[in-house]
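What the sequence shown shows, in mature numbering (1 follows the signal peptide of the UniProt record, and there is no 0), is residues -23 to -1, 1 to 519, in sequence order.
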Amino acid sequence: MAKPILLYTSLCFLVLFINGCLAHRQWQQQQGFNQCQLDSLDALEPNNRIEAEAGVIESWDPNDDQFQCVGVAIVRRTIEPNGLLLPQYTNAPQLMYIQRGYGIFGAVFPGCPNTYQESQEQQQGQDRRSQDRDQHQKIRSFRQGDIIALPAGVTHWLYNDGESKVVALSLLDINNQANQLDQNPRHFYLAGNPEDEFQQQGRSPRGSQRHQQEQGQGRREGGRHGQKQGQGNNLFSGFRAKDLAEVFNVNEDTIRNLQGLKEDRSNIVRVKGRLQVARPPRSREERERLERQEREQEREDEREQSESRRGGHGRGREEREQEERQQEREEEREQERERRESQRGGRGGGGYNGIEETLCTLRLRENIHDPSRADIYNPHAGRISTLNSHNLPVLRWLQLSAEFGRLQKDAIYAPHWNRNAHSVIYVLRGRAQVQVVDDFGQTVFDDELRQEQILTVPQNFAVVKRASSEGFEWVAFKTNDRAQISPLAGRTSVLRAIPADVLANAFQLRQEEVSELKVNMEQQGNTLLRPSRSSSQWRAIA
């Protein structure tokens, strides 16, 4: 008799626990919804800066209402040549956009084999025995325009092996279901004595009270263990040196280096000499090619800006067509390579079956800056490229996507809204007049958006961009791996898909006015438009 009663009681407690958890999750979700009651939006700039030994870290206030609404945090890192961003992981998935430079990075997936092994030449150069030959997981390269996808809890590091600075912008999706903590963005560093990248002016650092408590505990236990915990800011610093020495079977001096107790180089450090890792070597030709591409990209950007100011007629048609053909050939080769990789990963017929890419061979990087991969293109208005789970499958796991856009002088990205995602816009260069409209038809943003500013556009808020005389270039992160837009103008617009009589009655228009409206939208083509020189009306030249 006692057993049924015990079973019944246990089930009751289980039901109460589950209901409590669900209620807590619903409360968190409701709190997130309440954060989106925004009367106005602002163009935001970084307000926290950390000077490191080999770079600079700048972050935007994650407690701003706009970031709280969309549930993200933003940080920008500038890494000097030969600089190393220390190994770390985060409590939320992130997308990293390489705004400038090139280098290498590592992402460590637990349980995956160490498939890279150093050569005998490297081993002899470092004076190690054959049994000490270093092995580690795959090393990946990155370059300007790359999007790097990093799941939550995956340790990663970056190294600048180029001759110019690397600028990397990271978005952390705090509201993602992979984050089971709170709404605070957290970087868990494995090395060094890093500073909190999101520490706000006038506020005590997150965890400072706990830090003081741990120092006090370390003083109380110092007589027994001979070590104070909590003096560093990496994961190892919180453990007793004696325990770690037994775990790793090394002396306590080595452990103190792991704990970063004597470190003062912060989050980005300068490597002594050059970083020696096992990876397919970059030939002199490849390095020269990367540096040449970087210079050519800068010249191309300057040329496009100059053409944009002149109206887009600076180059001949033959030169444009030749470049486009070359870009198409490069794109075809890249698509063929990806197709072969997918087939080796087990692609069947039809949709995603879960084994296109194994965990250990996930493709984490895709270049979004390449003109040949543009999804929308108008030679006189600009181009837009999108990156989602269709062309980078790991984004299905992260539930994130990205967009790169470039508008020429006075060009317009027609009014549209993001149907299933928030959008976070970061300006790479130029200026644009941007308007955002909410569900009440109120303009919540109507201002100029400039280089290095960020604007968040909540889901379903309508937005329009008009480039200045300098042109406009941006990258946008979106909180859905298959983000979709609904345009208000152009051939694929919502209005064009609605029956003419519905439009006539909804807007009190005559039938001929509706017909003219629909015909104009048909002639407009895509959503990138350029104003006509001969009239005040808009038309597309695509």
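For every residue, glycine included, the Cβ atom is placed at its ideal position computed from N, Cα and C.
Residue i and residue j closer than 8 Å at C-beta
| i | j | result |
| --- | --- | --- |
| residue 29 | residue 245 | yes |
| residue 444 | residue 426 | no |
| residue 336 | residue 126 | no |
| residue 375 | residue 124 | no |
| residue 144 | residue 78 | yes |
| residue 396 | residue 458 | no |
| residue 49 | residue 158 | no |
| residue 122 | residue 58 | no |
| residue 388 | residue 507 | yes |
| residue 456 | residue 47 | yes |
| residue 505 | residue 449 | no |
| residue 150 | residue 377 | yes |
| residue 436 | residue 398 | yes |
Residue i (DSSP reduced to helix, strand or coil)
| i | result |
| --- | --- |
| residue 444 | strand |
| residue 382 | strand |
| residue 43 | helix |
| residue 487 | coil |
| residue 477 | helix |
| residue 225 | helix |
| residue 125 | strand |
| residue 344 | strand |
| residue 417 | coil |
| residue 235 | helix |
| residue 455 | strand |
| residue 388 | coil |
| residue 209 | coil |
| residue 35 | strand |
| residue 140 | coil |
| residue 501 | helix |
| residue 492 | helix |
| residue 215 | helix |
| residue 372 | helix |
| residue 423 | strand |
| residue 450 | strand |
| residue 147 | strand |
| residue 28 | strand |
| residue 326 | Caution applies to residue 326, whose pLDDT of 38 falls short of 50 and renders its modelled position unreliable; the value that the coordinates give is listed next. Coil, per DSSP. |
| residue 355 | strand |
| residue 339 | coil |
| residue 350 | helix |
| residue 198 | Residue placement at residue 198 cannot be trusted, given a pLDDT of 43 that sits under 50; the coordinates are not used to answer. |
| residue 252 | coil |
Cut-off 7 Å between Cβ atoms - residues of its own chain near residue i, not counting five sequence neighbours on either side
| i | result |
| --- | --- |
| residue 577 | Past the boundaries of the shown model lies residue 577; the chain is included only from -23 to 519, so the question cannot be answered. |
| residue 242 | 29, 30, 169 |
| residue 201 | Unreliable positioning characterises residue 201 in this predicted model, as indicated by a pLDDT of 37, which lies under 50. A coordinate reading is not provided. |
| residue 470 | 464, 498 |
Identity of the residue in the options nearest residue i by Cα
| i | options | result |
| --- | --- | --- |
| residue 348 | 341, 338, 361 | 361 |
| residue 41 | 31, 56, 23 | 23 |
| residue 381 | 456, 12, 420, 344 | 344 |
| residue 447 | 492, 114, 358, 146 | 358 |
| residue 379 | 142, 38, 352 | 352 |
| residue 89 | 493, 338, 21, 226 | 338 |
| residue 367 | 461, 53, 163, 161 | 461 |
| residue 404 | 114, 134, 87, 146 | 146 |
| residue 502 | 370, 475, 464, 162 | 464 |
| residue 166 | 223, 63, 470 | 63 |
| residue 15 | 217, 476, 172, 419 | 419 |
| residue 390 | 490, 441, 116, 424 | 441 |
| residue 13 | 496, 39, 45, 38 | 45 |
| residue 39 | 55, 54, 163 | 163 |
| residue 36 | 173, 87, 155, 254 | 173 |
6 Å Cβ shell around residue i - same chain, five flanking residues per side excluded
| i | result |
| --- | --- |
| residue 236 | 209, 213, 214 |
| residue 331 | Low per-residue confidence applies at residue 331: pLDDT is 48, beneath 50, and the placement is therefore not dependable, though the value from the model is reported in the following sentence. Hits under 6 Å: none found. |
| residue 221 | 232 |
| residue 524 | Residue 524 lies beyond the range of the chain shown here (-23 to 519); nothing can be said about it. |
| residue 170 | 209, 210, 237, 240 |
| residue 453 | 380, 400, 402 |
| residue 141 | 78 |
| residue 20 | 426, 430, 432 |
| residue 500 | none |
| residue 474 | none |
| residue 196 | Bear in mind that a pLDDT of 38 at residue 196, under 50, signals an unreliable position, so the number given afterwards is only what the model happens to contain. Closer than 6 Å at Cβ, skipping near neighbours: no residue. |
| residue 118 | 81 |
Residues near residue i by beta carbon distance below 8 Å, same chain, minus five either side
| i | result |
| --- | --- |
| residue 18 | 43, 413, 421, 422, 432, 433, 434 |
| residue 247 | 30, 31, 57, 59, 60, 61 |
| residue 371 | 126, 128, 334, 339, 340, 341 |
Indicate whether the contact test is met: 3 or more Cβ pairs, each with one atom in the region 404 to 418 and one in the region 480 to 491, closer than 8 Å.
-> no
Tell me, please, whether the region 125 to 139 touches the region 61 to 80 by the rule of three or more beta-carbon pairs shorter than 8 Å.
-> yes
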